[in-house]
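Chemist:
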Amino acid sequence: GRNGYGAKLCNIFSTKFTVETACKEYKKLFKQTWTVNMTMAGETKLKHFVGEDFTRVTFQPDLSKFKMTVLDKDTVALMSRRAYDIAGTAKNITVFLNGKKLPVKGFRSYVDMYIKDKVDDTGNALKVIHEKVNDRWEVCLTMSERGFQQVSFVNCIATTKGGRHVDYVADQIVNKLIDVVKKKNKGGVGVKPFQ
């Protein structure tokens, strides 16, 4: 993560935490396991490797730190959602969750999960406008059943309340639509952005 805390905090709050990473170019595989909330570091293992690059993180959360005896459904759902988020927003990776490859390959297929089986007013499958603006911006737009809704990310982290990046895109779309409506509605009712 940005400040280097993400994996470290996961390690601190786990009874067992293992990192494996392999490099095709250098033909090396690194593996290390920590236990007892990162207080005990296992032996670093570095060995010869033939295959594709990968990184695997496995952990067993220390449930007692969260006053739990088992992971509840909400926590499992949150962790699962995060795996799907990463599969949909990180570039050129394959994500596995509990040993199963997730069927999401990129942002567009991530968006398709949200609109699967949804139809427009005429019964047709919802259409998605997808634009890869540059290496940092990717935008999808489709119809919504309940007014303005958004799903957004910055640096692969969900921004559930939106933000300036969402406003930036939405404002441009609204302004273009208002221009079109005004041209077709000369002398008619005035249209404002919040409508």
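Numbering-wise, this note's numbering comes out as the position in the sequence shown, counting from 1, plus 1032. C-beta: ideal position from N, C-alpha, C; glycine also.
Measure the C-alpha to C-alpha separation of Gln1181 and Tyr1146 and round it to an integer number of angstroms.
Modeler: Taking the Cα positions, Gln1181 is about 12 Å away from Tyr1146.
Chemist: Counting only the same chain and skipping the five closest in sequence on each side, list residues whose C-beta sits under 8 Å from that of Ile1044.
Modeler: Asn1069, Met1070
Chemist: Which residue comes first and which comes last in the alpha helix (DSSP H) that contains Gln1204?
Modeler: 1196-1216
Chemist: Considering Ala1122, what are the terminal residues of the beta strand (DSSP E) in which it resides?
Modeler: Neither: Ala1122 is in no beta strand (DSSP E) and is coded neither H nor E.
Chemist: How would you call Thr1154, buried or exposed, if buried means at least 16 neighbouring beta carbons within 10 angstroms?
Modeler: exposed
Chemist: Assuming Gly1120 and Phe1139 are in contact, meaning their beta carbons sit under 8 Å apart, how far apart are those beta carbons, in whole angstroms?
Modeler: About 6 Å separates the two Cβ atoms, so the contact holds.
Chemist: Would Phe1081 pass as a contact of Lys1063 if the rule is Cβ separation under 8 Å?
Modeler: no
Chemist: Take the Cβ of Phe1049 as the centre, count every other Cβ of all protein chains shown within 10 Å, and call the residue buried at 16 or more, exposed below.
Modeler: Sixteen is the threshold: when 16 or more other Cβ atoms of the shown chains lie within 10 Å of the Cβ of Phe1049, as they do, the residue is buried.
Chemist: Could you round the C-beta distance between Val1085 and Cys1042 to whole angstroms and report it? I think they count as a contact, below 8 Å.
Modeler: Before going further, note that residue 1085 is Asp rather than Val in the sequence given. 21 Å between Cβ atoms; not a contact.
Chemist: Identify the continuous beta strand (DSSP E) that holds Cys1055 and give its terminal residues.
Modeler: Segment 1046-1055, the beta strand (DSSP E) holding Cys1055.
Chemist: Going by DSSP, name the residue or residues bridged to Met1072.
Modeler: Thr1067
Chemist: Where Thr1047 and Asp1094 are concerned, what is the direct C-alpha to C-alpha distance, given to the nearest angstrom?
Modeler: 5 Å
Chemist: In the DSSP assignment, the alpha helix (DSSP H) including Val1143 goes from what residue to what residue?
Modeler: DSSP places Val1143 inside the alpha helix (DSSP H), whose first and last residues are 1139-1147.
Chemist: Does DSSP classify Phe1081 as helix, strand or coil?
Modeler: Residue state, collapsed to three classes: coil.
Chemist: Around the Cβ of Trp1169, are there at least 16 other Cβ atoms within 10 angstroms (buried) or fewer (exposed)?
Modeler: Exposed: under 16 other Cβ atoms inside 10 Å.
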